[in-house]
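Enquirer: In numbering that gives the first Met the number 0, the protein residues as written are 0 to 509.
All C-beta atoms in this analysis are idealised placements derived from N, C-alpha and C, irrespective of residue type, glycine included.
My structure is below; once you've seen it, I'll send some questions.
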Amino acid sequence: MSNEKTIKSALISVFSKDGLEPIVKKLNEQGVTIYSTGGTQKFINDLGVDVVPVEDVTSYPSILGGRVKTLHPKVFGGILNRQNNDSDVAELAEYEIPQIDVVIVDLYPFEKTVASGAGNQDIIEKIDIGGISLIRAAAKNYADVVCVASVDDYAEFLELITEKNGILSEEDRKRFATKAFNVSSHYDSAIFNYFNQDQDVAGLKISETKGKVLRYGENPHQRGFFFGNFDELFTKLHGKELSYNNLLDVDAAVNLMLEFKNDAPTFAILKHNNACGLAQRNTIKQAYLDALAGDPVSAFGGVLISNTEIDLATAEEIHKLFCEVVIAPVFSSDALELLKGKKNRILLEIHDIEMPKMNVRSCLNGILLQDRNNVTDKAEDLKSVTNIAPTEAQIEDLLFASKICKHTKSNTIVLAKNKQLCASGTGQTSRVDALQQAIHKANSFNFDLKGAAMASDAFFPFPDCVEIAKNAGITSVIQPGGSIKDQLSIDYCNENDVAMVMTGTRHFKH
């Protein structure tokens, strides 16, 4: 099925000229007739290469301030004709339409213009019309035409025409057509999403052009892929390729640590998307040591993240632990050198980022979409519902525990004391089980829970949890409230000198 065709003519109309010069010179060297318009035509002329203006083909100038240049039957007829169709070939001759074998396009930078904060009119003018039409036409007719739809494909095209002396197979043309429709569909999705920001048209358009094949998925027998611009979020400084599970843990770690951005030195250790250790201290070294103390067993093979620079003193402690990933906004040079001592350890420098505003996940034969949980409980949100109000120190621990609770799999109970995670019960089918798991775990690592704070991701339907917590030494509780039996828990706390606050905000995480 090679069906090779020799390139004899090319239409070039691009926004980005980067990398275009060697293509133009190679096409010229191979005797290809080049058609162009506007700035691209001038660029080619300046190279000393002959170029036929599109206006000479259509007998129409570029009009409407450049909005209409190539939209003409003499252009699209040259692209869309079927060369094995006698009627099409006859019509080309009748209407003096030149055959076009290659279309090279690079679209107006719509997404970059939106990201720049430009005004609406500037953004509208960056919606490419002629270019996107050329791409669709050329890609549709890949049986006869090669479509190079992006500056990202210039190098591959140049390599092919050089190696094959301008003679490309149908397989080559179909590959470029596939890439072209990837470009056009992504472009249209970006435009729709811009327009739909304030329109609420029922439609979901998710498009990522940067993709990577992972070693495997969640398990070795599953395929895995990552689509997204990882390098926009991180600079990878060292280590092996990230796995599917690594990426999930990194995502959980980043979202959790954003709760402590610009706070005092804070360190977290995560395993299977949940924090197994977290502490906030005066130094990042002490924060790491106290986070590790939260669960030194689970920390093995975990993902570590800091909200501030990792210095040598901290790195020396981290280096004693086997861990998969270490994330920080910056590593001191000597800390980085030391941590590189383990060849597979992944070191990521996180950029100042904003995470997506929406959460997306597959469900049944469709997709679930929801707003990101941007609510973080604050002191002003707390409603004291017991006779005893929490002290300032207790409020700090309650809010600290609540931040962790928000990012822990439901049902969850989080126990904290002196801004250190003592333990959490994660992913349990009952809140009582989650609490008992947390207490058992805290006791197993010799935490004294006397005076500790307890956070719950949802309300208590019965007073059993506050009773168990009180018996374990816990003296303050934060929960959303909302149960028709809230008063039962409040009454128990009042009778047993436990301070409880309600936030009015549930933080389920499934």
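1) Could you give the C-beta distance for residue 32 and residue 53, rounded to a whole number, given that I count them as a contact under 8 Å?
2) Using three-state DSSP, classify residue 34 as helix, strand or coil.
3) What residue does the beta strand (DSSP E) around residue 476 start on, and which one ends it?
4) What is the residue span of the alpha helix (DSSP H) that residue 82 lies within?
5) Spatial neighbours of residue 136 within its chain, please: CB distance less than 6 Å, with the 5 preceding and 5 following residues excluded, ordered by chain position.
6) Run the CB neighbour count on residue 280, radius 10 Å, all protein chains shown included, and call it buried at 16 or more, exposed below.
7) Since residue 448 and residue 454 should fall inside the 8 Å C-beta cutoff, what is the C-beta to C-beta distance between them, to a whole number of angstroms?
8) Quick one: measure Cβ to Cβ for residue 248 and residue 324, integer angstroms, because I've assumed they're closer than 8 Å.
9) Starting from the Cα of residue 347, find the closest Cα among 252, 395, 8 and 23 and give me that residue.
10) Can you check which of these residues, 106, 409 and 34, is closest to residue 73 by C-alpha distance?
11) Count the other CB atoms within 10 Å of the CB of residue 491; is the residue buried (16 or more) or exposed (fewer)?
12) For residue 480, which option in 496, 462, 469 and 473 has the closest C-alpha, if you only look at C-alpha atoms?
13) Please classify residue 509 as buried or exposed, where buried requires at least 16 other C-beta atoms within 10 Å of its C-beta.
14) Measure the Cβ-Cβ separation of residue 334 and residue 311 and say whether it is below 7 Å.
15) Among 145, 71 and 457, which residue has its Cα nearest to the Cα of residue 9?
16) Between the alpha carbons of residue 123 and residue 132, how many angstroms are there, rounded?
17) Leaving out the 5 sequence neighbours to the left and right, which residues in its chain are closer than 6 Å to residue 143 when beta-carbon positions are compared?
18) Which same chain residues, not among the five before or five after residue 254, have their C-beta less than 8 Å away from its C-beta?
19) Could you tell me the distance, in whole angstroms, from the CA atom of residue 0 to the CA atom of residue 141?
20) Nearest to residue 108 by alpha carbon, out of 46, 170, 85 and 185?
21) Would you check if the distance between the CB atom of residue 233 and the CB atom of residue 349 is smaller than 7 Å?
22) Can you give me the start and stop residues for the alpha helix (DSSP H) that residue 256 sits inside?
23) Could you give the DSSP three-state label for residue 263: helix, strand or coil?
24) I believe residue 421 touches residue 293 by the beta-carbon criterion, under 8 Å. Please report the beta-carbon distance rounded to the nearest angstrom.
25) Any idea if residue 343 is buried or exposed, counting beta-carbon neighbours within 10 angstroms, 16 or more meaning buried?
26) For residue 52, which three-state DSSP category applies?
27) The alpha helix (DSSP H) spanning residue 393 covers which residue range?
28) CB-CB under 6 Å to residue 96, same chain, minus the five flanking residues each way: which ones, in chain order?
29) What residue from 207, 416 and 179 has the CA that sits closest to residue 399's CA?
30) For residue 496, is the classification buried or exposed, using 16 other Cβ atoms within 10 angstroms of its Cβ as the cut-off for buried?
31) In this structure, how does DSSP classify residue 105 when only helix, strand and coil are distinguished?
32) Contact criterion: CB-CB distance below 7 Å. Does residue 445 meet it with respect to chain D?
33) Distance, Cα to Cα, residue 498 vs residue 351?
34) Just to confirm before moving on: does the CB-CB distance between residue 138 and residue 189 stay below 7 Å?
35) Check each candidate in 389, 237 and 504 and name the one with the smallest Cα separation from residue 332.
Expert: Once the coordinates are examined:
1) Within the sequence shown, numbered from 1, the residue matching residue 32 stands at position 33. Within the sequence shown, numbered from 1, the residue matching residue 53 stands at position 54. The pair is not a contact, with the Cβ atoms about 12 Å apart (cut-off 8 Å).
2) The count along the sequence shown starts at 1 and reaches residue 34 at position 35. Three-state DSSP puts residue 34 in a strand.
3) Reading the sequence shown from its first residue, position 477 is the one you call residue 476. Going by DSSP, residue 476 is part of the beta strand (DSSP E) stretching over 475–478.
4) Residue mapping note: residue 82 aligns to position 83 of the sequence shown, counting from 1. If you look at residue 82, you'll find it isn't in any alpha helix (DSSP H); DSSP assigns it neither H nor E.
5) Here residue 136 corresponds to residue number 137 of the sequence shown, with the count starting at 1. Cβ within range, chain order: 75, 78 and 79.
6) Indexing the sequence shown from 1 puts residue 280 at position 281. Result: buried.
7) As a working mapping, residue 448 is identified with position 449 in the sequence shown. As a working mapping, residue 454 is identified with position 455 in the sequence shown. Residue 448 to residue 454, Cβ: 14 Å. No contact.
8) Taking the sequence shown and counting its residues from 1, the one referred to as residue 248 is at position 249. Taking the sequence shown and counting its residues from 1, the one referred to as residue 324 is at position 325. That pair is a contact at about 7 Å.
9) As a working mapping, residue 347 is identified with position 348 in the sequence shown. Per the Cα distances, 252.
10) Residue numbering aside, residue 73 sits at position 74 when the sequence shown is read from its first letter. Closest by alpha carbon: 34.
11) Reading the sequence shown from its first residue, position 492 is the one you call residue 491. The residue in question, residue 491, is buried, as its Cβ has 16 or more Cβ neighbours within 10 Å.
12) Here residue 480 refers to the residue found at position 481 of the sequence shown. If we check each option's Cα against that of residue 480, 462 comes out closest.
13) Translated into the one-based positions of the sequence shown, residue 509 becomes position 510. Around the beta-carbon of residue 509, fewer than 16 other beta-carbon atoms lie within 10 Å, marking it exposed.
14) For the purposes of this step, residue 334 is taken as residue 335 along the sequence shown, with counting starting at 1. For the purposes of this step, residue 311 is taken as residue 312 along the sequence shown, with counting starting at 1. Residue 311 sits close to residue 334, with the two beta carbons spaced by under 7 Å.
15) Along the sequence shown, one-based indexing puts residue 9 at 10. When only C-alpha atoms are compared, the closest one is 145.
16) Counting from 1 along the sequence shown, the entry for residue 123 is found at position 124. Counting from 1 along the sequence shown, the entry for residue 132 is found at position 133. Between the C-alpha atoms of residue 123 and residue 132 there is a straight-line separation of about 17 Å.
17) The residue labelled residue 143 in the question sits at position 144 within the sequence shown. Excluding positions up to five away in sequence, the list reads 82.
18) Taking the first residue of the sequence shown as position 1, residue 254 is located at position 255. Closer than 8 Å at the Cβ level, and outside the excluded window around residue 254, lie 354 and 406.
19) As a first step, residue 0 is located in the sequence shown; it is residue number 1 there, counting from the start. As a first step, residue 141 is located in the sequence shown; it is residue number 142 there, counting from the start. The predicted position of residue 0 is uncertain, since its pLDDT is 45 and thus under 50; a value taken from the coordinates is nonetheless stated next. Going by C-alpha positions, residue 0 is about 13 Å away from residue 141.
20) In the sequence shown, the residue the question calls residue 108 occupies position 109. Closest option to residue 108, judged by alpha-carbon separation, among 46, 170, 85 and 185: 185.
21) Numbered from its first residue, the sequence shown carries residue 233 at position 234. Numbered from its first residue, the sequence shown carries residue 349 at position 350. For the 7 Å CB-CB criterion, residue 233 and residue 349 form a contact.
22) Position 257 of the sequence shown, counted from the first residue, corresponds to residue 256. It spans 243–256 - the alpha helix (DSSP H) in which residue 256 sits, taken as one unbroken run.
23) Locating residue 263 in the sequence shown gives position 264, where the first residue counts as 1. Under the three-state reduction of DSSP output, residue 263 falls in the coil class, being neither helix nor strand.
24) Residue mapping note: residue 421 aligns to position 422 of the sequence shown, counting from 1. Residue mapping note: residue 293 aligns to position 294 of the sequence shown, counting from 1. At roughly 7 Å, the Cβ-Cβ gap stays under 8 Å, so residue 421 and residue 293 are in contact.
25) Within the sequence shown, numbered from 1, the residue matching residue 343 stands at position 344. The residue is exposed, with fewer than 16 neighbouring Cβ atoms inside 10 Å.
26) In the sequence shown, counting from the first residue as 1, residue 52 sits at position 53. Strand, per DSSP.
27) Your numbering for residue 393 matches position 394 in the sequence shown. Note, residue 393: alpha helix (DSSP H), 391–405.
28) By one-based count along the sequence shown, residue 96 stands at place 97. Closer than 6 Å at Cβ, skipping near neighbours: 73, 76 and 77.
29) Counted from its first residue, the sequence shown places residue 399 at position 400. Taking residue 399 as reference, the option from 207, 416 and 179 with the minimal CA-CA separation is 416.
30) To locate residue 496, count along the sequence shown from 1; it is residue 497. Burial check for residue 496: the Cβ neighbour count within 10 Å stays below 16, so the residue is exposed.
31) Within the sequence shown, residue 105 is the residue found at index 106, counting from 1. Residue state, collapsed to three classes: strand.
32) Absent from the structure: chain D. Only one protein chain is present.
33) In the sequence shown, residue 498 corresponds to position 499, counting from 1. In the sequence shown, residue 351 corresponds to position 352, counting from 1. Going by the C-alpha atoms only, they are around 38 Å apart.
34) Taking the sequence shown and counting its residues from 1, the one referred to as residue 138 is at position 139. Taking the sequence shown and counting its residues from 1, the one referred to as residue 189 is at position 190. For residue 138 and residue 189, no; Cβs fall outside 7 Å.
35) If you number the sequence shown from 1, residue 332 lands on position 333. Nearest option by C-alpha distance: 237.
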